[in-house]
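Below you'll find the structure, written out as structure tokens, and then a few comments.
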Amino acid sequence: MAQHQRPSKRDVRFRFNIPTINDDGSPIPAEWHLRCLKCEYDLTGLTSRHCPECGSAFKPYEIWVANRRKQADLYFRTPAYVPYGVLAALMLLALPVIRDNPLVLVPFGLLPVYEAAAHWFRWDPSGSRTIMIVLAVIASITVWAMLP
Numbered sequence: 023m024a025q026h027q028r029p030s031k032r033d034v035r036f037r038f039n040i041p042t043i044n045d046d047g048s049p050i051p052a053e054w055h056l057r058c059l060k061c062e063y064d065l066t067g068l069t070s071r072h073c074p075e076c077g078s079a080f081k082p083y084e085i086w087v088a089n090r091r092k093q094a095d096l097y098f099r100t101p102a103y104v105p106y107g108v109l110a111a112l113m114l115l116a117l118p119v120i121r122d123n124p125l126v127l128v129p130f131g132l133l134p135v136y137e138a139a140a141h142w143f144r145w146d147p148s149g150s151r152t153i154m155i156v157l158a159v160i161a162s163i164t165v166w167a168m169l170p
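In short: position in the sequence shown from 1, add 22, done, that's our numbering.
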């Protein structure tokens, strides 16, 4: 009679669909969809906890959480046309003030510089773009209030 071997806790049947905080060191399954945070290397199947591409150490749970946040940022990002569309509507409403005091537009000159810096340094401005536009509007109102 053949003896049946009891499955160990490292057996794939006992794995969760997401990584747990306590890593058991077993190969990373494909359904976790883990990618290195530094070089985007696919970490599927690795038993060591160092990226073979860039050599950085990682913990599967932390990588999974960071990758989920990246995916959430992609879905909940504000497109550029929304805040700039609101800004254009506000400028149309303030057209009589702008016509009388063109200096009110000076703070808005920082917005193209901000967008160019974001492009130059390759960072995503979508999280802070609305804040920059609000600051430009506040500065513009301040300039308008200071004019005679």
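Even glycine gets a Cβ: it sits at the ideal position worked out from N, Cα and C. Note that this is a predicted model, so its numbers are computed, not measured.
| Check | Outcome |
| --- | --- |
| With H, G and I counted as helix, E and B as strand and the rest as coil, what does DSSP make of A116? | coil |
| For the alpha helix (DSSP H) holding R151, just list the boundary residues, first then last. | 151-168 |
| Note down, in chain order, each residue of its chain lying with its Cβ closer than 6 Å to the Cβ of A52, except the 5 sequence neighbours on either side. | T66 |
| Sort G131, H141, I155, A138 by Cα distance to A111 and report the nearest one. | I155 |
| So, is R35 buried or exposed, given that buried needs 16 or more other C-beta atoms within 10 angstroms? | Low local confidence applies: a pLDDT of 45 at R35 is under 50, so the model's placement there is unreliable, with the coordinate-based value given in what follows. Exposed, by the Cβ-count rule. |
| Grab me the residues of V126's own chain with a C-beta within less than 7 Å of its C-beta, minus the 5 sequence neighbours each way, in chain order. | V119, I120, S162, V165, W166 |
| Along the alpha helix (DSSP H) that carries A139, what are the first and last residues, could you check? | 132-142 |
| Counting pairs of beta carbons, one from the segment 127-142 and one from the segment 81-91, are three or more of them closer than 8 Å? | no |
| The ligand PLP and K92: does the residue's C-beta get closer than 6 Å to at least one heavy atom of that ligand? | Inclusion of the ligand PLP in the displayed structure is not the case, the ligand content being empty and no account of it being possible. |
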